[in-house]
Each structure stands twice: as C-alpha cells, then as structure tokens.
Amino acid sequence: MTVRTRFAPSPTGFMHLGGVRTALYAYLFAKQNNGQFILRIEDTDQERYVPGATEVIYDTLRACGLNWDEGPDIGGPVGPYVQSERKATYMPYAKQLIASGHAYYCFCTKEELEARREAVEAAGGTWKYDKHCLHLSQEEIQAKLDAGVPYTIRMNAPTEGETSYHDTVFGDMTFQNSEAMDDMVLIKQDGMPTYNFANVIDDHLMGITHVMRGMEYLSSTPRYNYLYNALGWEIPTYIHLPTVMRDATHKLSKRDGDAFYSDFIDKGYLTEALVNYLALVGWNPGDDREFFTLPELVEAFDVNRLSKSPGIFDVDKLRWFNAEYIRRMSPERYLELATPWFDQVLGGKNIDYRRLAELMQKRTEIFSQVPDMVRFLAELPDYTAELFDNPKMKVTPASAAEALALCGPVLEAVPEGEWNGEVLYDRLNEAIAAAGQKKRPVLWSLAAALAGQQNTPGGATDIACLLGKAETLRRLGVGANRLQNA
RNA sequence: GCCUCCGUUGUGUAGUGGCCUAGCACACCGCCCUCUCAAGGCGGCGACACCGGUUCGAAUCCGGUCGGAGGUGCCA
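Residue numbers 365 to 850, in this note's numbering, belong to the letters of the first sequence in order.
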C-alpha cells in the first residue's frame, strides 16, 4: 500500500507556522515512504473567503520545498482538490447516511437553536443538539422539503457505548459516545459540507492512508470514525501532532504578528533555517544533530519520535539557526542577499559592498538588522564628546583628543593608492608605538570618531577603508572639533 | 462545568527500572582571543511539578493532587 498524506489548509490569506510544520511532517512522512503528498484546499466556509489566499499557500509550500504530487494547480487522479469545487460530491453520501439512519434532515433555525441552547445553559446544563428533528415523520420532512424550508443534515450520533481508536503519537484513545458524540452538522444550509464531513469524504475518496493534523482533532476523531464505519470505509491511520505554542499558555497566534511564515521572511529569516527549526519543534532525531536539509529530514524523520507535549516556538533559537545558516553560506550568496538591505541606507553611496559583506556576514543574525548596523557609513551620526567616555577601553574625551591628533597626520600621509587595511594598520601601529601609546584605546578612539558610535562591525582600519581617505579625514576633523568644544 | 491530552533546567529536548552525582543545543553569566562589536575557544549557572505507593533500586511503573493545553460551532 502506498502511503498518501495530505495537507489541507483553509485559505485564510496567511500561512501559519503551525500549518507549515504540519505540512512539513506530512511531506516528510510521505516521501520517506516513497508515497504521495497531496494538497487540498478546504474552503467550505464561504464567509471566510479571501481572494488570493491559495496563492499564498502555493508560494509558501514551494518556497519551503514541500512540493505536492497532486493538488489544485497540477491536478491528479482524484480531483478536484478544492472542496468548493467538489460541492456536488458530498450530498449523495449525506443522503446515503440518511437512508441508513446515520443522518437526518434538520429544519431548526439558528434562532430556535440559540433559544434552546440558552434555556439549557441557564438551567446549568450542557447544550448538545436535542435530536429535535430526528423525530419528524416522513411526510413532515417531505412537506418542508417541498416548501423549500432551509435545512441542514445532521449526523445521528449514538448516545451510548464507547469508541476507541489508536493514534500513532498519543496511543490508545477511548471516549464515551455520550460525551464525545453529538449530532454535528454534515451539510450546511448553503449546501456546503462542514469540515467535519468533507474531511472524511475527501480523505477516503483521495485515498489518504495517514491523517496528520493538529491534536485539537483528538477528541472529534470518534465522530469521524463513526462516519467511516457508517459508510463502510476503512479508517486511516491517525497521527495527531502536538500544538506549536507562543509561550506556555498561548498558541502562536495572528495577534502577535509572529505567527505567519511571511512575517519571518519579511524580517530577513531564511526559509531553510525556518524549516529546519520548525522540524525540531515537537520532533527530534534521537541524537545530537540539529542541522538538516530537507532531504536529510526525509531520511531522519520518524513519527515514533514525535512529542506528545506542546512545543514553544523559541524565536531566540530560530535566530541562532538563522545566524548559523548565514555564517555557513558562501560569501557570494551573502553579498547577494545582503545587497538590498545595504541599499536601503547606502544606496547611491560609494561603498565597497563586497568588503562590507565580509565584515557583516558573521555579524548578521537576521537581515532586517543590517540597515541599522551599516547606516553610520552613509551618514556620520550626530554625537557629543561623551561618545569617547569609555572606561572599559580606558578612553576619556581627553585621551581621545590625543589619539585623534596622533592618527590624523599618519592617515593624511598615506597616499590614496595605498589606502588599504594592511597599510593603515601597520602605519598606525608604528606611530602609536613610537608615541609610547597603547594600541587598543587609540584605535578604538579612531573607530568611534569615524563611526560616530561605540560599536561597529569591523575595526578602525576597516571603517577607514570603507569610508575612503577623504571621508575618513573629514570625520576625523569632526571628531577633533567635538572634543575641542567639549 | 464536562471530556481528552500533556507535565525533565528560562526554551527545545535526550532519557523506555540500575550506564543519571540526569546528556545536548539555544538563552544567560564569566574567562580567553581580539583595533570596538561580533565570530571562535574554554568554563559556569540551571530541571525530573507535588504527594503517596510498587521495587533491592524510579525521571522512567501505579494512584492521587496541582498546573497547563485542547475540545465542547451551520470555523477549520
């Protein structure tokens, strides 16, 4: 039997990271078993329709390398793969269930339902559909149907007994039917199936062998099994996944602005790092490996090593992964990826990006922090003499003034053609030694004057190179001036 | 409320009765390196939720307590 898994998102306009992880696991499991990974769009809730939302799903999955074998865009043997386009296929099964007594027409209006619910809850009870319409006679039903009274079709849930099933991650599950079952709506008034119904029908019709989804479906699974049995279908293998949390008590959510794939990409995170990290929230390879390419994940993934407890999405760890991926990439790729971020603040300036990239690569955790880190090259930040107050470096405004006075002539003497790091460093050191000074405080003072800030990517001579002779001398002058006036 | 699930350092986890004076990674702290900041090297802090069993022996098995999450929609 070939393994077939599916990822079945509803098109909300965004790809939630929890969804990306679910898709990833479903993909990995299918591929490691030489099976198929199917993409199905669950858009049965028409009120939630968002234009362009399926493209977001396609783009994200593709960017992550999670290529589907069958789906809305590429088709396949059991299409269509969009539920709204399958509308006509659900009703016959609903009617079959009505004929066999597993379902029935319900003509209750939302208002009636609401009223009865409130009454029950006011009396301290728990509301569950009261099977009101189950007892309608054949004639009454036909009359309402003929009169065009809106209806839904509900599952006729058993009220006694228990239902058990096995879940790959959570083990054996048993529920009392009186608690887990209720007469859920199968077909809505608008003729669309509910998720609960479409999901079962489609998974079966599409030959899904392993259902991988969030653990929030753990307690509704008995109802799906009831449907499978009523239809005489084989129940798929269940692999429920632990939730991805934002912190101990909250799921990753839209409100926090950090739950969507696009949020992270916009901030300059790498897809590879994100996928790699996501794979590790709720799963581990059983050894100390942490870095995986997608093919390596296919190889290493093991559903038996999936965790049962919810995992917190740790942005710090993601940052580290991202920084690590950046450090490991080739200098060429770094330059290519960093260029647009450099351009944001250095566009039009005469800065050697290649050289800057060399300095920045191992200092970049996420690309969005790059502009702030290099902005000083475009424009000297405004500062006061306090900038040179640095006890740790043993630098005071007074000592800095001396240091700049020492460096100035040395730099001035270096010909334009020899303006490079090595020459600058050697000449400066020579002069510092000759003056009986210490290298650290002097060079630090120089760097601070050239950058207008205390911390910089690269040292004084690196900055001088990037700036060029003219700008270096100009900034040196500004520094001397600030110190003099202080 | 009821039902279900989960509970190892701040975070992700390893651990499936003795190899655990609990390992690894991130974060944090310190030292080294160093023309600052990073990167790198070395080291440190820090956990089996609690209580009771079972056992020669429990993070691992059982029971209870507490804590957290999920479900309880004509949302998915």
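Ideal Cβ positions, reconstructed from N, Cα and C, are used throughout, including at glycine.
Apart from the five residues on each side of it in sequence, which residues of its chain come closer than 6 Å, Cβ to Cβ, to residue 772? The beta carbon of residue 772 sits closer than 6 Å to the beta carbons of 840 from its chain, once the five residues preceding and following it are set aside; these are given in chain order.
Relative to the C-alpha of residue 669, which candidate in 535, 712 and 781 has its C-alpha closest? If we check each option's Cα against that of residue 669, 535 comes out closest.
Close Cβ partners of residue 558 (< 8 Å) along its chain, the five nearest in sequence each way excluded: Once the five neighbours on either side are set aside, the close Cβ partners of residue 558 are 408, 548, 549, 550, 551 and 552.
Where residue 771 falls: helix, strand or coil (DSSP): It is helical.
Could you check if residue 602 is buried or exposed, using at least 16 other CB atoms within 10 Å of its CB as the buried criterion? Residue burial annotation: residue 602 is buried, with at least 16 other C-beta atoms found within 10 angstroms of its C-beta.
Between residue 795 and residue 774, is the Cβ-Cβ spacing less than 8 Å? Closer than 8 Å, so yes.
Under the three-state reduction of DSSP, which class applies to residue 647: helix, strand or coil? Under the three-state reduction of DSSP output, residue 647 falls in the strand class.
Does the Cβ of residue 671 have 16 or more other Cβ atoms within 10 Å, making it buried, or fewer, making it exposed? Exposed, by the Cβ-count rule.
If we ignore side chains and look at the alpha-carbon of each, how far apart do residue 855 and residue 639 end up? Beyond the ends of the chain as shown, which are 365 and 850, falls residue 855; an answer cannot be given.
Answer yes or no: the CB of residue 809 versus the heavy atoms of the ligand MN, is any distance below 7 Å? With respect to the ligand MN, the structure offers nothing, as it holds no ligand at all.
Less than 8 Å between the beta carbons of residue 421 and residue 469, yes or no? Against a cut-off of 8 Å, the Cβ pair of residue 469 and residue 421 comes out as no contact.
Do residue 734 and residue 702 have their beta-carbon atoms positioned less than 8 Å apart in this structure? For residue 702 and residue 734, yes; Cβs fall inside 8 Å.
Bridge partner(s) assigned by DSSP for residue 575: Note: residue 575 sits in a beta bridge opposite 602.
Terminal residues of the beta strand (DSSP E) in which residue 469 lies: For residue 469, the enclosing beta strand (DSSP E) has its first and last residue at 467 to 470.
Report yes or no: do three or more beta-carbon pairs, one from the region 780 to 799 and one from the region 744 to 760, lie closer than 8 Å? Because the criterion of three Cβ pairs below 8 Å is not met, the region 780 to 799 and the region 744 to 760 do not touch.
Could you spell out the range, first to last residue, of the beta strand (DSSP E) harbouring residue 529? 526 to 531 is the span of the beta strand (DSSP E), which, as asked, contains residue 529.
With C-beta atoms as the reference, is residue 431 less than 8 Å away from residue 465? Their beta carbons are not under 8 Å apart, which means residue 431 does not touch residue 465 by this criterion.
Residue 551 bridges to which residues according to DSSP? According to DSSP, residue 551 shares a beta bridge with 517 and 557.
Within this structure, are the beta carbons of residue 368 and residue 400 separated by less than 8 Å? Going by beta carbons, residue 368 and residue 400 fall inside the 8 Å limit.
Within 10 angstroms of its Cβ, does residue 538 collect 16 or more other Cβ (buried), or is it exposed? Exposed is the call here.
Limits of the unbroken beta strand (DSSP E) element including residue 539: 535 to 540 is the extent of the beta strand (DSSP E) around residue 539.
Looking at residue 594: is its Cβ nearer than 8 Å to the Cβ of residue 461? For the 8 Å CB-CB criterion, residue 594 and residue 461 form a contact.
Unbroken alpha helix (DSSP H) run spanning residue 477, endpoints: Run containing residue 477: 474 to 486, per the alpha helix (DSSP H) assignment.
Inter-stretch contact at 8 Å, needing at least 3 Cβ pairs: the region 731 to 745 / the region 624 to 634: They touch, by the three-pair rule.
State the Cα-Cα distance for the pair residue 644 and residue 684, rounded to the nearest angstrom. Spanning the two alpha carbons is a distance of roughly 14 Å.
Alpha carbon to alpha carbon, what distance is there between residue 391 and residue 664? Distance from the CA atom of residue 664 to the CA atom of residue 391, rounded to whole angstroms, is 13 Å.
With a threshold of 7 Å on Cβ separation, who are the neighbours of residue 448 within its own chain once the five nearest residues in sequence on each side are excluded? The answer, listed in chain order, is 407 and 408.
Hey, quick one: how far does the beta strand (DSSP E) through residue 630 stretch, first residue to last? For residue 630, no beta strand (DSSP E) run applies; the uninterrupted alpha helix (DSSP H) run containing it begins and ends at 625 to 630, by DSSP.
Helix, strand or coil, according to DSSP, for residue 817 in the structure here? Annotated three-state conformation of residue 817 is coil, per DSSP.
Does the Cβ of residue 846 have 16 or more other Cβ atoms within 10 Å, making it buried, or fewer, making it exposed? Under this definition residue 846 is a buried residue.
Given a cut-off of 8 Å on the beta-carbon distance, is the pair residue 745 and residue 818 in contact? Result no, Cβ atoms of residue 745 and residue 818 do not sit closer than 8 Å.
Do residue 428 and residue 403 have their C-beta atoms within less than 8 Å of each other? Residue 403 sits away from residue 428, with the two beta carbons spaced by 8 Å or more.
Based on the DSSP output, what are the partners of residue 403 in its beta bridges? In the DSSP output, where bridge partners are listed per residue, residue 403 has 371.
So what does DSSP say about residue 397, is it helix, strand or coil? Reduced to three states, the DSSP call for residue 397 is coil.
Endpoints, the beta strand (DSSP E) within which residue 737 is located: Counting along the chain, residue 737 sits inside no beta strand (DSSP E); it lies in the alpha helix (DSSP H) bounded by residues 734 to 742.
Cβ-Cβ separation, residue 579 to residue 606 (assumed contact under 8 Å), whole Å: Separation of the CB atoms of residue 606 and residue 579 is rounded to 6 Å, and the pair is thereby assigned contact status at 8 Å.
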